[in-house]
Amino acid sequence: MRIALTVGHSLLKNGSYTSADGKKNGGCNEYVWCKAFSKQLAKNLIKEGHKVTCIICPEKKFTSYKQEKDYKLNIINNGNFDLVIELHLNAATPSAEGTEVLYKSTAGKKYAEHIQTQLAKIFKNRGAKQRNDLYILNGTNPPAILLETFFCTNASDYKKAKGHINRNKIAKLIAKGIQNAI
7 MRIALTVGHS
17 LLKNGSYTSA
27 DGKKNGGCNE
37 YVWCKAFSKQ
47 LAKNLIKEGH
57 KVTCIICPEK
67 KFTSYKQEKD
77 YKLNIINNGN
87 FDLVIELHLN
97 AATPSAEGTE
107 VLYKSTAGKK
117 YAEHIQTQLA
127 KIFKNRGAKQ
137 RNDLYILNGT
147 NPPAILLETF
157 FCTNASDYKK
167 AKGHINRNKI
177 AKLIAKGIQN
187 AI
């Protein structure tokens, strides 16, 4: 399967992130974690026989979130992919915790539910949820899912996702979820 793996958010030209930052609560920066994690997830998906294209916005090139979105959608919709996975971390109050996978289409729902089942082995299960208001789910030709892997604003969630070993466990679970959905 041809998978587009995108990192949600970016580092804008002015040096600001378009992502959430949970460091003050003992968590992490969403963009920084997802960028590092994308490499591990790609390796695990390739081991399962998938062809993976990582889409990470060039840093300090764009001046707006719209430019970031247009950049990704152009690559995705001209790339002949079978599935799009966008990596994010949730953000809220420090007590909010857990994982959720978002989808719009029926095909996306299948992947979302299988990945959600796997991620719930580590994080509180917030469920696979249908959303109709997200550009990555609305603007792509192939089915797309958006992973809110954990809350970057929750120190306990971050502890479960911190470091290479924990990131690799999460990557293996996501890859297993995709395999189970096929």
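The numbering of the sequence shown is the numbering used here, which starts it at 7 and goes up by one. For each residue, glycine too, the CB sits at the ideal point set by N, CA and C.
Pick out whichever of L143, N35 and I91 has its Cα sitting closest to the Cα of K121. As a working note, residue 121 is residue 115 in the sequence shown. Before going further, note that residue 121 is Ile rather than Lys in the sequence given. Per the Cα distances, I91.
Please return the same chain residues whose Cβ sits closer than 6 Å to the Cβ of Y6, not counting the five positions on each side in sequence. Missing from the structure shown is residue 6; the chain here goes from 7 to 188 and no further.
Measure the C-alpha to C-alpha separation of D163 and G145 and round it to an integer number of angstroms. Numbered from its first residue, the sequence shown carries residue 163 at position 157. Numbered from its first residue, the sequence shown carries residue 145 at position 139. Here the alpha carbons of G145 and D163 stand approximately 30 Å from one another.
In the DSSP assignment, find the beta strand (DSSP E) that holds C60 and state where it starts and stops. If you number the sequence shown from 1, residue 60 lands on position 54. Membership of C60 in the beta strand (DSSP E) is indicated by the continuous run K57 to I61.
heavy atom of the ligand SAM below 7 Å from K30 C-beta: Ligands are entirely absent from the displayed structure, and the ligand SAM is therefore not among its contents.
With contact counted as at least three CB pairs below 8 Å, one residue from each stretch, are the stretch 75 to 84 and the stretch 133 to 140 in contact? Two segments are said to touch when three or more pairs of C-beta atoms, one from each, lie closer than 8 Å; by this definition the stretch 75 to 84 does not touch the stretch 133 to 140.
Can you say whether I41 is buried or exposed, counting buried as having 16 or more other CB atoms within 10 angstroms of its CB? Indexing the sequence shown from 1 puts residue 41 at position 35. With the sequence shown as reference, residue 41 is identified as Lys, and Ile is not the correct amino acid for it. Buried, by the Cβ-count rule.
Assigned secondary structure, I128 (DSSP; H/G/I helix, E/B strand, else coil): Locating residue 128 in the sequence shown gives position 122, counting from the first residue. DSSP places I128 in the coil class of the three-state scheme, outside both helix and strand.
If we call anything under 8 Å between Cβ atoms a contact, is N174 one with K166? Start at 1 with the first residue of the sequence shown, and residue 174 comes out as number 168. Start at 1 with the first residue of the sequence shown, and residue 166 comes out as number 160. Going by C-beta atoms, N174 is not nearer than 8 Å to K166.
What are the complete beta strand (DSSP E) segments, minimum 3 residues, inside the stretch 24 to 93? For the stretch 24 to 93, the full-length beta strand (DSSP E) segments reaching 3 residues or more read 57 to 61 along the chain.
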